[in-house]
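Residue numbers (our numbering): 1 to 214. Every residue gets a Cβ at the ideal spot worked out from N, C-alpha and C, and that includes glycine.
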Amino acid sequence: MEDIRNDCELVAALKTGDKSAFVTLLGRYTEKVHNLALRITRSPEDAEEILQDVFLTVYNKIGAFEGKAAFSSWLYRITANTSFMKLRKRKQHAATSLEESITPDSSWASSRSDTSDVNFMSARHELRALLEEAIDNLPEEYRVIFIMRDVDGLSNQEVGEVLKISIPAVKSRLHRSRLMLRRKLNKYYEDYTRTDHIAYGKNIHYVEDFRQAA
């Protein structure tokens with residue numbers, strides 16, 4: 001049976017030693033923690049280690065969580081800090097691991113009725129590959145904010161709390177990251193929309209599409 005308790009209830013239960021609450025939180029946030037760790041480190045192996053470290057920290061340190069911010073913000077802060085520590089350690093040892101691991105998902109085109117169109121499917125995969133590459137090539141400070149804000153849906157305040165920067169700084173970096181992506185993808189959109197396969201017009205909602213597929 002699905003555990004319908006909200007995060008606050010689960011945290012309170014976990015503090016009393018309820019292991020089922022931890023299992024539910026683990027299932028609820030594993031993918032998001034892994035994705036953020038992967039985007040910061042660009043290493044599937046490091047992301048797996050970080051995932052384990054983060055939830056071990058959550059289990060052992062849940063008593064220190066005071067509830068002043070959302071549990072998700074606290075979890076993201078742990079994930080970001082653990083990921084940056086891993087990244088610094090890896091750089092110090094001159095290790096390089098730039099593998100990507102993003103699973104394609106057909107939901108990108110869920111709003112389109114004729115998904116059997118071979119040309120559309122081909123272009124969809126091409127667009128996704130371009131988008132993944134464009135996001136991965138963003139400078140680290142912009143990439144992380146874009147993922148947390150536009151992919152995972154954290155608020156500006158939550159992102160600021162996680163990264164310990166001001167809300168204006170979050171907004172500024174997010175705006176820059178969107179501009180960088182739009183510039184990289186504009187030529188593709190201009191070329192492809194002429195074929196009438198994607199009728200999004202001038203304002204392409206690539207962020208919403210990527211969020212669904214991530």
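Query, Result
"Tell me the DSSP secondary structure of Ser155 in three-state form.", "coil"
"Using C-beta distances below 8 Å, list every residue in its chain close to Ile135, excluding the 5 sequence neighbours before and after it, in chain order.", "Arg39, Arg143, Phe146, Ile147, Leu181 and Phe210"
"Are the beta-carbon atoms belonging to Tyr59 and Leu10 less than 9 Å from one another?", "no"
"Rounded to whole angstroms, what's the CA-CA distance from Val162 to Asp152? Just pull it up for me.", "13 Å"
"So is Ile167 buried or exposed if we call it buried at 16+ other beta carbons inside 10 Å?", "exposed"
"Please state if the CB of Asp46 and the CB of Leu87 are separated by a distance shorter than 9 Å.", "yes"
"For chain C, is any of its Cβ atoms less than 9 Å away from the one on Asn156?", "In the structure shown, chain C cannot be found, because there is only a single protein chain."
"Enumerate in chain order the residues of its own chain whose CB-to-CB distance from Phe55 is below 7 Å, with the five nearest sequence positions on each side excluded.", "Leu26"
"So the candidates are Thr16, Ala21 and Gln157; which of them puts its Cα closest to the Cα of Glu2?", "Ala21"
"Is the beta carbon of Ala70 closer than 9 Å to that of Asp7?", "yes"
"In chain order, what residues of the same chain lie with their CB nearer than 7 Å to the CB of Arg28, ignoring the 5 residues before and after it?", "none"
"Starting from the Cα of Leu154, find the closest Cα among Ser72, Thr24 and Glu132 and give me that residue.", "Ser72"
"Which of the three DSSP states, helix, strand or coil, is assigned to Lys86?", "helix"
"Can you list, in chain order, the residues of its chain whose CB lies under 8 Å from that of Asn81, leaving out five sequence neighbours each side?", "none"
"Any heavy atom of the ligand SAH closer than 8 Å to the CB of Gly17?", "The ligand SAH is not part of the structure shown, which contains no ligands of any sort."
"Quick one: grab the DSSP three-state call for Ala69.", "coil"
"Assuming Asn60 is part of the alpha helix (DSSP H), what are its boundary residues?", "Pro44 to Lys61"
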